[in-house]
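J.: Numbering (my numbering), first residue to last: 120 to 389.
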Amino acid sequence: MVYSVILVTKLYQCRFSFAKIINMENFTNKIVVVTGGTSGIGYATAKEFSDRGAKVIITGRRKEVLDTAARELGVDAYLADQSKVADTGQLVATIKEKYGQVDVLFINAGVAGVSTIADATEEGYDRIMDINVRGAFFTLSRFIPILSDGASVVFLSSNTASMIRAGSAVYASGKMALNGIMKTAAVELAPRRIRVNAVSPGPTDTGILSKMGLDAASIPAITEHLVNVIPLKTMGHAADVASMVVYLSSDAAKFTTGAELVMDGGMSLG
Ligand SMILES: NC(=O)c1ccc[n+]([C@@H]2O[C@H](COP(=O)([O-])OP(=O)(O)OC[C@H]3O[C@@H](n4cnc5c(N)ncnc54)[C@H](OP(=O)(O)O)[C@@H]3O)[C@@H](O)[C@H]2O)c1
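1. Whole angstroms are fine: how far does the CA of S271 sit from the CA of D370?
2. So the beta strand (DSSP E) V315 belongs to, where does it begin and stop?
3. Less than 7 Å between the CB of P320 and some heavy atom of ligand 1, yes or no?
4. Using C-beta distances below 7 Å, list every residue in its chain close to Q99, excluding the 5 sequence neighbours before and after it, in chain order.
5. Could you check whether the Cβ of N227 sits closer than 7 Å to any heavy atom belonging to ligand 1?
6. Taking the alpha-carbon of S362 as reference, which of S169, K215, I214, V204 has the nearest alpha-carbon?
7. Taking only heavy atoms of ligand 1 into account, decide whether any of them is closer than 7 Å to the Cβ of G155.
8. Restricting to Cα atoms, I'd like to know which of K166, V315, T157, D245 is closest to L224.
9. I need the straight-line Cα distance from I236 to G219, nearest angstrom please.
10. With distances taken between CB atoms, is the gap from V318 to V364 smaller than 8 Å?
11. In angstroms with no decimal places, state the Cα-to-Cα distance between I140 and D238.
12. Spatial neighbours of V348 within its chain, please: C-beta separation below 8 Å, excluding the five flanking residues on both sides.
13. In terms of residues, what are the limits of the alpha helix (DSSP H) holding V211?
14. Any idea if P390 is buried or exposed, counting beta-carbon neighbours within 10 angstroms, 16 or more meaning buried?
15. Report the residue from M301, I265, A291 whose alpha carbon sits nearest the alpha carbon of F81.
16. So T157 and A199 are supposed to be a Cβ contact under 8 Å. How far apart are they, rounded?
17. How many Å lie between E167 and R190 at the Cα?
18. Using only the alpha-carbon positions, how far apart do L210 and E183 sit?
19. Between T279 and P264, what straight-line distance do the alpha-carbon atoms span, to the nearest angstrom?
20. What I want to know is whether the C-beta of I348 ends up closer than 7 Å to one or more non-hydrogen atoms of ligand 1.
21. Going straight from the alpha carbon of V194 to that of K149, what length do you get?
22. On a Cα-Cα basis, can you pick out the residue from I338, A205, K174 that is closest to A196?
23. Is L367 near L380, with beta carbons less than 8 Å apart?
24. Pull the bridge partners of F225 from the DSSP assignment, please.
25. Assign D383 to buried or exposed, taking buried as 16 or more other Cβ atoms, counted over all protein chains shown, within 10 Å of its Cβ.
26. Mind checking who A255 pairs with in its DSSP beta bridge?
27. Please confirm whether any heavy atom of ligand 1 lies closer than 7 Å to the CB of S387.
28. Is the beta carbon of A357 within less than 7 Å of some heavy atom of ligand 1?
29. Below 8 Å on the Cβ atoms is my contact criterion, and I expect I160 with V346 to pass it. Report the Cβ-Cβ distance as a whole number of Å.
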């Protein structure tokens, strides 16, 4: 009997130290907003925060897809096109009225595209910049008044911001701009102890490739090529990125602000 009690006590203690090691921080009573939470990295991150007890709010621009994701995840959802500042303003007003303030803001909504500078169109340029840069900038700008003191903001950047590749001028320069916005925001918001960081994944197995207008038949070959140029010889997974966002928003990262965390299996090392 005594041995059983000791064993159970040890196991219980183990559970807590193990939880600490794998960063099982609890986010109960925290309000977490994930923009573009209907698929891929946003979806996985919403799930991770929700599993850790947070009240999670996702956004999306397609009602049916948004409702399905919200039902599957058991989270709240609001329709907002993050490239439209008016939508973001309405979203902030609704969240302020319903939840008061926001503890974690994950600015994730984004699109990708490939084009050489010679072949670039105004439409293609604006599509990427309006969502990935202008939209992300004004999402942060409009949310600032309702961020709690000590809140965490995480931008979804990309390892392309650290690489030079033909065809990536618009997408990569957009993510470079995002990193500049992130660092400036880290300085501006530090007096309120709000930390602002960025996660920069390499190729991650989400639906983003198929949304780029690529021929579906060419995707396996592109994926194979990407795996070949990644030193760790694997694509990233949305859940890996989610863990990093949770880490940056946890107390374990309380001295980290203005940082870009590249997670790309070594791809940008050259
Ligand atoms: N996957 C990668 O290899 C990779 C690598 C580095 C960085 N990233 C970045 O990771 C982020 C997430 O991408 P992902 O790979 O998870 O792709 P994804 O599965 O396509 O997810 C993107 C999410 O953003 C939403 N979204 C796009 N434009 C929006 C807008 N104007 N308003 C509201 N929501 C919008 C999408 O909704 P819709 O379905 O309606 O478009 C979707 O929910 C992006 O910022 C991307 O640049 C991805």
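Glycine included, each C-beta is placed from N, C-alpha and C at the ideal position.
T.: Here's the rundown:
1. 10 Å
2. 314-320
3. yes
4. Nothing can be reported for residue 99, as the shown portion of the chain is limited to 120 through 389.
5. yes
6. Each of S169, K215, I214, V204 was checked against the Cα of S362, and the nearest Cα belongs to S169.
7. yes
8. When each option's Cα is compared against that of L224, the closest is V315.
9. The alpha-carbon atoms of I236 and G219 are separated by roughly 44 Å.
10. yes
11. Bear in mind that the predicted position of I140 carries a pLDDT of just 43, short of 50, making it unreliable; the figure below should be weighed with that in mind. Between I140 and D238, the C-alpha separation is close to 49 Å.
12. M386
13. 204-218
14. A query on residue 390 cannot be resolved here, the shown segment of the chain reaching from 120 to 389 and no further.
15. Residue 81 lies beyond the range of the chain shown here (120 to 389); nothing can be said about it.
16. At roughly 12 Å, the Cβ-Cβ gap does not stay under 8 Å, so T157 and A199 are not in contact.
17. 15 Å
18. The alpha-carbon separation between L210 and E183 amounts to approximately 18 Å.
19. 31 Å
20. Position check: residue 348 holds Val in this sequence, whereas Ile was assumed. Not under cutoff, so the answer is no.
21. 13 Å
22. Checked all of I338, A205, K174; the closest Cα to A196 is K174.
23. yes
24. V153, V273
25. buried
26. Beta-bridge analysis with DSSP links A255 to no other residue.
27. no
28. A357 Cβ: within cutoff of ligand 1.
29. Contact annotation, I160 with V346: C-beta distance approximately 18 Å; criterion of less than 8 Å not satisfied.
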